[in-house]
Amino acid sequence: MKLQYHLAELLYPHRCPFCDETEPNELCDRCSEKLEWVQEPRCCKCGKPIPDEQQEYCFDCKKRKKSFEEGRSLWVHKPPVSDALYRFKYKNQRYYGSYFAKSLWERYAEEMQRWKPDVIIPVPVHRKRYRKRGYNQAAVIAKQLSRISQIPLDENVVIRVEDTKPSKELDPAERTENLRRAFVIDEQIKKYKRVLLLDDIYTTGATIDTISGKMHKKGVERVYFLTISIGQGF
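Okay, so the sequence shown: first residue is 32 according to the numbering used here, each after it adds one.
If you want it as structure tokens, here you go:
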């Protein structure tokens, strides 16, 4: 087993997920210093960083009612995190997923235990993108997080039936219309009361909010979410 391990290390050396350089540890020191972790003060709803600790909600959550209960993200979406997620999503660097899942658990195990989700559900990609890419990046992380947390995984109850434009390119009204018909929730969702959605990025929150709203209509009582990164806009 040791020989096989060393051979694997030689053939497939571990790389830092943020700079993609060969690195014996999980994360190189240079990138570790650059990461901007999401910390307090943050929005009580979506978890987005906010400038004032006296402020409860970010501008967007204060202005628009959200259907999800609460959410958390690891890092602010800017380099080197945004670069890592691009490679993870589009350059087949699927092995980053294990580090992301481990980081989510280490950072938010207490929240997950407080939320008590019945299931982890990754936000799906459209079949056209799945065929092109070969995988769903959110599902890669969700599988690892399910293994670590021992919370069941279900990839079959949320189906993406329309391939939509990125929400960041649209105004709020266009986002709502863009996503309204994008997702279908299977009747099997009714066996869950508390759901944890998993996605790679929280930009506007439109995707999470749309899926959450549809789940509530099917009988789900509470929807939470985790993402790797979160934007600072809105």
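Yeah, the Cβ is synthetic: ideal placement off N, Cα and C, and Gly gets one too.
Distance between residue j and residue i (C-alpha atoms, nearest Å)
i	j	result
Y121	F49	14 Å
H37	E193	Legend: pLDDT at H37 = 38, less than 50; position of this residue unreliable, value from coordinates given subsequently. Each residue's alpha carbon lies about 45 Å from the other.
S260	R212	25 Å
S113	T235	15 Å
D51	L66	15 Å
L257	N209	22 Å
E252	F99	10 Å
V69	K109	12 Å
K204	T238	Here residue 204 turns out to be Ala, not Lys, going by the sequence shown. Approximately 13 Å between the Cα atoms of the pair.
G250	D149	13 Å
Q86	K79	12 Å
T53	P111	16 Å
H45	N56	8 Å
R160	Y166	8 Å
R225	I232	21 Å
D60	L229	28 Å
R95	E186	29 Å
A132	R103	13 Å
C62	L227	29 Å
Close-in-space but distant-in-sequence residues of the same chain around residue i (CB under 8 Å, 5 per side omitted)
i	result
D83	P72
G128	F119, Q168, V171, I172, K174, Q175
S180	W136, A140, M143, I151
Option in the options with minimal Cα separation from residue i
i	options	result
G262	H45, I81, T53, C59	I81
L116	I216, V254, C47	C47
S243	V189, C62, S177	V189
L176	R164, M143, T207, R162	M143
R125	E137, A173, K94	A173
L266	A140, G165, I151, E137	Because the chain here runs from 32 to 265, residue 266 falls outside it and cannot be looked at.
P182	T195, T207, P153, K163	Strictly speaking, residue 182 in this sequence is Ile, with Pro absent from that position. Closest by alpha carbon: P153.
R162	N123, C59, F131	N123
D240	R206, Q219, S63	R206
Residue i, enclosing alpha helix (DSSP H) - first and last residue
i	result
T1	Residue 1 lies beyond the stretch modelled for the chain, which goes from 32 to 265, so this question has no answer here.
V112	112–121
K30	A question about residue 30 goes unanswered here, because the residues of the chain that appear run from 32 up to 265.
C92	90–94
Beta-bridge pairing of residue i - partner residues as DSSP gives them
i	result
E101	Y255
W106	W68, S260
T207	In DSSP, T207 forms no bridge with anything.
V189	I216
P82	Partner(s): none; P82 has no beta bridge.
T53	R46
L184	I151
R73	P80
Own chain partners of residue i with C-beta closer than 6 Å, once the 5 adjacent residues on each side are dropped
i	result
S134	L105
K248	none
W146	Y255
K222	none
C74	I81, Y88, C89, C92
Q219	V188
Cβ neighbours of residue i in the same chain (closer than 7 Å, five flanking residues each side left out)
i	result
R191	P155, V156, H157, A213, F214
K76	Y88, C92, K97, E101
K245	F214, I216
Y130	P48, E57
Cβ-heavy atom distance, residue i to the ligand GDP, below 7 Å
i	result
L58	Although the ligand GDP was asked about, the structure shown includes no ligands whatsoever.
Extent of the continuous beta strand (DSSP E) run through residue i
i	result
L227	225–233
I179	Segment 168–180 is the alpha helix (DSSP H) holding I179; no beta strand (DSSP E) there.
F214	214–216
V150	150–153
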